[in-house]
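Taking it in order: structure first as structure tokens, then the write-up.
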Amino acid sequence: MDIIISNASDKPIYEQITSQVKNMIINGMLQEGDALPSMRLLAKELRISVITTKRAYEDLERDGFIETVAGKGSFVAGKNVEFIKEEQLRIAEEYLQKAVHVAKSGGISLDELVEIITLLYREDI
Amino acid sequence: MEHVLQVKNLTKHYSEFTLDHVDFSLPKGSIMGFIGENGAGKTTTIKLLLNLIKRDAGEINVFGLDNTRCDRQIKEQLGVVLDGSYFHDNLKPYDISRIMRNIFAGWDNDAFAGYIKKFKLPQDKRIKEYSKGMKAKLSIAAALAHRPKLLILDEATGGLDPVVRNEILDIFMEFIQDEEHSVLMSTHITSDLERIADYITFIHEGKMIFSSSKDELIYDYGLLRCGAEDFKNISPSDIAGYRKGQFGYEILIRGKAKMLQKYRRHTIDAASIEDIMLFHIRSDDR
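As you go down the protein sequences, you meet chains A and B in turn.
602 is the number of the first residue of the first sequence in my numbering; add one for each residue after it.
659 is the number of the first residue of the second sequence in my numbering; add one for each residue after it.
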């Protein structure tokens, strides 16, 4: 399991962790029931503060990707991948809805909007 | 949240300096960086914590106990490293072990020997032959060998090279793998804190400027750069501190997300802990 942290990125470190772990779960690299490293170990290995890893794990738990069992650690949740994807799709749709709204009121054409999305999608991870 | 250390309204008067109502607490299992310029009151605060000097007012609780009344009990579980080595020059690591086991009930010879080995400290050399980095690591080994729950360090990494400092940061990260363990460290090297610290407490001229989570600080503060004309358009209430240069202004702002919306035309960079510290001190002078 690789987690790569960039200090130069605009994205906060906890978000870098959550998005990479989510990605691994959706790609199937992490399977249901797989154990995640403890928050303290992850902090030590990445040389970041425990608060940061704690926040990342809390966010992952809130979004249903992992489950934390007191005294045992954190595990990939039993939710199926399809459901998670569905959930992500719904969130993406929500944001796109806003983008479309702005585009329409700003006189931006569908083609231009699609072009922007394509560009953004390709440059960002 | 449980706290290992609680400081309330801590006050100490000297003729030239007053430590003025310092307030902060350190949650269990975390690392707190204690920053401020020379003479800001960091060492005074640490001496008060260690009950080496008497406070004039306020409260200090360590492990939930009053630090003057339960001195002995607290110190058994406290590891302390002050600036420089405080062992006699002619001693060798083994001698330190022999002395310390008479002082601390919880002194663990094997743990000490383990740290000596791990930190690659020569056993047959006298301390006077040790390098500065070795002395610092020896002090940390001695502070950890009675299995403390709280480690307090005052400028323990001052004057050390990046390699040794890195090793020492690793020791701290290793130490807090146990959730019962916490660290309070004063330092001038804020880049060390930028990564590993959970909380930052900043004092300036004896007064506390802030004590908060490091993530909150570095994600909330930002540096906005603009020209003299634009500076006039920035509302004073958004300015936490600024520096006027020959070719423009650097402004420390809070609430970065909101400010990015408000001042769309300007670039807002991330602010480091050092920036936050410098701008706070400077705006004080203006």
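Virtual Cβ for every residue (Gly too), placed ideally from N, Cα, C.
These numbers were taken from a predicted model, which means no experiment stands behind them.
- Apart from the 5 residues on each side of it in sequence, B:Phe777 sits with its Cβ closer than 7 Å to the Cβ of Lys795 and Ala799 in its chain, given in chain order.
- Under the Cβ distance rule, A:Ala636 does not count among the residues neighbouring chain B, no pair being separated by less than 8 Å.
- Distance check between B:Lys872 and each of B:Tyr744, B:Leu723, B:Arg853 and B:Lys807 places B:Arg853 closest, using alpha-carbon atoms only.
- Annotation: B:Ala803 to B:Asn719 spans about 23 Å, alpha carbon to alpha carbon.
- Shown here for B:Gly737: same chain residues with a beta carbon closer than 6 Å to its own, the five before and five after excluded, namely Ala801, Leu802, Pro806 and Leu809 in chain order.
- A straight line joining the alpha-carbon of B:Glu832 with that of B:Ile689 spans about 12 Å.
- Distance from the Cα of B:Tyr877 is smallest, within the candidate group A:Glu616, A:Leu721, A:Met602 and A:Asp603, for A:Glu616.
- Closest by C-alpha distance to A:Leu690, out of A:Lys655, A:Ile604, A:Ile627 and A:Asn608, is A:Ile627.
- Cβ neighbours of B:Ile754 within its own chain (closer than 8 Å, five residues either side excluded): Phe745, Phe770, Leu796 and Ala800.
- Not flagged as an interface residue toward chain A: B:Gln904, since no C-beta distance is shorter than 8 Å.
- Note: B:Gly722 is not bridge-paired with any residue in the DSSP secondary-structure output.
- When C-beta distances to chain B are compared with 8 Å, the residues of the region 642-660 of chain A below that value are Leu642, Ala644, Lys645, Arg648, Ile649, Ser650, Val651, Ile652, Thr653 and Arg656, in chain order.
- Contact annotation for B:Ser688 against chain A: Ser650, Val651 and Ile652 [CB-CB distance below 9 Å, chain order].
- The beta carbon of B:Glu838 sits no closer than 8 Å to any beta carbon of chain A.
- In this structure, B:Glu932 and B:Thr848 form a Cβ contact; the two beta carbons are roughly 5 Å apart against a cut-off of 8 Å.
- Contacts between B:Tyr877 and chain A, judged by CB atoms closer than 8 Å, involve Pro613 in chain order.
- B:Met792: member of the alpha helix (DSSP H) spanning Lys790 to Leu802, first to last residue.
- In the assembly as shown, B:Glu813 is a buried residue. Its beta-carbon has 16 or more other beta-carbons within 10 Å.
- Chain A has no Cβ within less than 8 Å of the Cβ of B:Arg805.
- Counted as a single uninterrupted DSSP element, the alpha helix (DSSP H) harbouring A:Ala644 occupies residues Met640 to Leu647.
- The beta carbon of B:Arg940 sits closer than 7 Å to the beta carbons of Gly899 and Arg901 from its chain, once the five residues preceding and following it are set aside; these are given in chain order.
- Here the alpha carbons of A:Asn608 and A:Met630 stand approximately 25 Å from one another.
- One Cα belongs to A:Ala700, the other to B:Asp927, and the distance between them is close to 25 Å.
- In this chain, the alpha helix (DSSP H) harbouring B:Ala771 covers Asn767 to Lys776.
- With its beta carbon at least 8 Å from every one in chain A, B:Arg923 lies outside the interface.
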